[in-house]
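Report on the following structure.
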Amino acid sequence: MKLSQVKSALQELETIAFKLPNGALVPNHFHVTEVGKITKHFIDCGGVERKEEVVNFQLWNANDYDHRLHPEKLFNIIELSEKTLHIKDAEIEVEYQAETIGKFGLEFDGKNFLLTNKKTDCLAKDACGIPTEKKKIKISEIPVANSCAPGSGCC
56 MKLSQVKSAL QELETIAFKL PNGALVPNHF HVTEVGKITK HFIDCGGVER
106 KEEVVNFQLW NANDYDHRLH PEKLFNIIEL SEKTLHIKDA EIEVEYQAET
156 IGKFGLEFDG KNFLLTNKKT DCLAKDACGI PTEKKKIKIS EIPVANSCAP
206 GSGCC
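The opening position of the sequence shown corresponds to residue 56 in the numbering used here, with each subsequent residue numbered one higher.
Dropping the structure here:
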């Protein structure tokens, strides 16, 4: 989900809720402690230089049970961050600590922001020697051409 999509969703909401991949909601007294720009400059295993940029939201659960972040407040924080940090309309990455700090993708279901699991992947599969996975098929599903039927006299 891109930053512009978050801003658009916030304009339609009365309350903000984030749902974890396991279906549990982040407690509604969470704080957004950071809105930032993270740039990753690296070399992949194939030797190709790469740069990635994401917008980062950090959610923090405090013992401030009376606090509720309203959509217009988060919208204003995002706009200030865009202006001050020169943030582009990039993908969102959310940091949230349950047992350890997790990094999540972000989607929206029309009511809740959904924290989605992120996965690692090789960016240079063609250069690092990992064989491509072969398609598995059943022998019984292989079409047989020019086969002889019993009693046809072809054998």
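Every residue gets a Cβ at the ideal spot worked out from N, C-alpha and C, and that includes glycine.
Contact set for GLU148: own chain, Cβ-Cβ below 8 Å, skip 5 residues either direction
ILE93, VAL109, VAL110, ASN111, PHE112, LYS158, PHE159, GLY160, LEU161 and LYS173
Would the stretch 60 to 75 and the stretch 121 to 140 be scored as touching if the rule is three or more Cβ pairs under 8 Å?
yes
Leaving aside the five residues before and after THR88 along the sequence, list all residues of the same chain whose C-beta is less than 8 Å from its C-beta, in chain order.
GLN113, LEU114 and TRP115
Do LEU169 and LYS106 have their C-beta atoms within less than 8 Å of each other?
Taking 8 Å as the cut-off, the Cβ atoms of LEU169 and LYS106 do not count as close.
Note down the Cα distance separating LEU124 from GLN66, rounded to an integer number of angstroms.
The alpha-carbon atoms of LEU124 and GLN66 are separated by roughly 14 Å.
Would you give the residue range spanned by the alpha helix (DSSP H) that GLN223 belongs to?
Since the first and last residues shown for the chain are 56 and 210, residue 223 lies out of range.
Per DSSP, what kind of secondary structure is ILE194 in: helix, strand or coil?
helix
Based on DSSP bridge pairs, tell me the residues matched to PHE130.
Partner(s): none; PHE130 has no beta bridge.
Who does LYS138 pair with in a DSSP beta bridge?
Answer is none; LYS138 lacks a bridge partner.
Measuring alpha carbon to alpha carbon, tell me which residue in ALA72, ASP99 and PRO186 is nearest HIS84.
ALA72
Hey, how far is the Cα of TYR120 from the Cα of VAL90?
22 Å
In terms of residue numbering, what span does the beta strand (DSSP E) encompassing LYS95 cover?
85 to 98
From LEU68 to ASN167, what does the alpha carbon distance come to, in whole angstroms?
9 Å
8 Å CB neighbourhood of VAL81 in its chain, flanking five on each side removed
ALA72, PHE73, LYS74, LEU75, LEU114, ASN116, TYR151 and LEU170
Would SER136 be called buried (16 or more neighbouring beta carbons within 10 Å of its own) or exposed?
buried
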